[in-house]
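For reference, the structure is listed below as structure tokens.
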Amino acid sequence: MRQIEQAKDVSKTEQLHAGRTICNTGIASHAWNKGKAAYKGWKAPAALAAMALCVTLACGCGEPEKIENAYDITESTKSYGLSSENSETSQSFFAEDIAVAGNENKPLANVTDSLSQAAALFDLTEDTMLFGKNIHERLYPASTTKILTAYVALKHGDLAATATVTDAELQLEAGSSTCGLKTGETLTLQELLYGLILCSGNDAANVIADLVSGSTEEFTKLMNQEAKKLGATNSNFVNPHGLQDEQHYTTVYDMYLIFQAAMQNEEFEKIISSTKHTCQFTSPSGASSTKDWKTTNKFLNGEKQQPEGVQVIGGKTGTTSDAGSCLVLYSKKGEKPYISIVFKADNPDNLYQEMEEMLKAI
731 MRQIEQAKDV
741 SKTEQLHAGR
751 TICNTGIASH
761 AWNKGKAAYK
771 GWKAPAALAA
781 MALCVTLACG
791 CGEPEKIENA
801 YDITESTKSY
811 GLSSENSETS
821 QSFFAEDIAV
831 AGNENKPLAN
841 VTDSLSQAAA
851 LFDLTEDTML
861 FGKNIHERLY
871 PASTTKILTA
881 YVALKHGDLA
891 ATATVTDAEL
901 QLEAGSSTCG
911 LKTGETLTLQ
921 ELLYGLILCS
931 GNDAANVIAD
941 LVSGSTEEFT
951 KLMNQEAKKL
961 GATNSNFVNP
971 HGLQDEQHYT
981 TVYDMYLIFQ
991 AAMQNEEFEK
1001 IISSTKHTCQ
1011 FTSPSGASST
1021 KDWKTTNKFL
1031 NGEKQQPEGV
1041 QVIGGKTGTT
1051 SDAGSCLVLY
1061 SKKGEKPYIS
1071 IVFKADNPDN
1081 LYQEMEEMLK
1091 AI
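Each residue of the sequence shown is one higher than the last, beginning at 731 in the numbering used here.
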């Protein structure tokens, strides 16, 4: 996977999402598709201007609506010929190496579609979606939020930077998952990321936010900025851990974009693929100490058997009463990588059944 190109203000993928919500008319859709077809070999600014003109003339003014079937749900950005491989100055209007997916569900043989509210399976080699249901529906992500938290921390933070845990950072709702941090303990960002991902530490999420941005409020602003740069324009994040908030939501497709970008970071892949980790930290008294952490991913900790021929590299779980059971996975069959996502399963059994069915269908 090549890294998705990011513009300073708005990513090419975000521009695509903006285009997909123009006007729901045959003329607008025709103009949009003509613009895409004409793009091949053009320089990005010229093509974008031409497409914007087509859309403006076709639509005029009015409330934005989603275009039905703006592009084939199974097609990748490569299929449209929207990049010029022979020109060093040309840039793809679309972000490269992502699956383009519309609003229609895409069934897959032997995958039960009634076990969760939304799910998808993406082939990262072909940049296509093999299975998908309700992938653009806004849902609560629970602790899968921490994928974006880690992505932002790795991009903007220093792994060697240290933070001392405060009382305020440990103020969490009763029963929420933690990695057992205590006031006065000092840890590096690298150690905090293991606590964030492996044992889904909400305490670690708060400490990371303060360390990287000075406050959770500033950190969540950064989360939303980075998400939109990746094209995740149907999401909003108000905290770094995913505990329930009505204004905190994402979609299966947006999470795919975020997770794929995160997987391009070697440190992130190393962390999510770990089954256990011994954390080195400094106690409040100044003594060196350790904590042992284990992954909550049942495919990695041995509670669930990985399908034959498939290697689950890693991922992130998430569960709240409102979000249901959620799981995001990065897997390989041979050398081919896949991302699979399940949101809002009624229970862990349904979650892992649907995920297993998707992996077996690879």
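Beta carbons: idealized from backbone N, C-alpha and C, even for Gly.
Compare the C-alpha of residue i against each of the options and name the closest.
i     : options                   : result
V1058 : Q1010, E997, G1032, Y983  : Y983
K1006 : K1021, E1065, N995, V1072 : K1021
G1045 : T879, L869, E948, N1027   : N1027
P871  : V830, V937, L900, N969    : N969
S1061 : N1077, T842, K1090        : K1090
I1092 : L869, M859, T1008         : M859
M985  : F852, P837, A839          : F852
For residue i, does the three-state DSSP call read helix, strand or coil?
i     : result
A872  : helix
T879  : helix
K912  : coil
H886  : helix
Q847  : strand
Q1041 : strand
V982  : helix
K1048 : Rather than Lys, the amino acid found at residue 1048 in this sequence is Gly. Of the three classes helix, strand and coil, the one that applies to G1048 here is strand, per DSSP.
I1001 : helix
L838  : coil
T726  : Shown here, the chain extends from 731 to 1092; a query on residue 726 therefore has no answer.
G705  : Here the chain has residues from 731 to 1092 only, and residue 705 is not among them.
P1078 : helix
D1093 : Lying outside 731 to 1092, the shown extent of the chain, residue 1093 is not represented and no answer is given.
K958  : helix
By Cβ distance, which residues of its chain are closer than 6 Å to residue i, with the 5 residues on each side in sequence left out?
i     : result
L1081 : S1055, L1057, V1072, A1075
A934  : C909, L922, G925, L926
A893  : V937, L941
L902  : N932
C929  : C909, W1023
Report yes if the C-beta distance between residue i and residue j is below 7 Å; otherwise report no.
i     : j     : result
F967  : H978  : yes
L919  : G944  : no
E948  : F1011 : no
S1004 : I1043 : no
L884  : F998  : yes
G1048 : G972  : yes
N833  : A848  : no
Just grab the DSSP bridge partners of residue i for me.
i     : result
D1022 : T1008
L1057 : T1047, V1072
T892  : T918
K1062 : Q1041, P1067
What residues in its chain sit with their C-beta under 8 Å from that of residue i, if we drop five residues either side in the sequence?
i     : result
N964  : H747, H866, R868, T980, T981, Y983, D984
V942  : V882, A883, H886, G887, L919, F949, L952
E1086 : K1034, P1037
N840  : E1087, K1090, A1091
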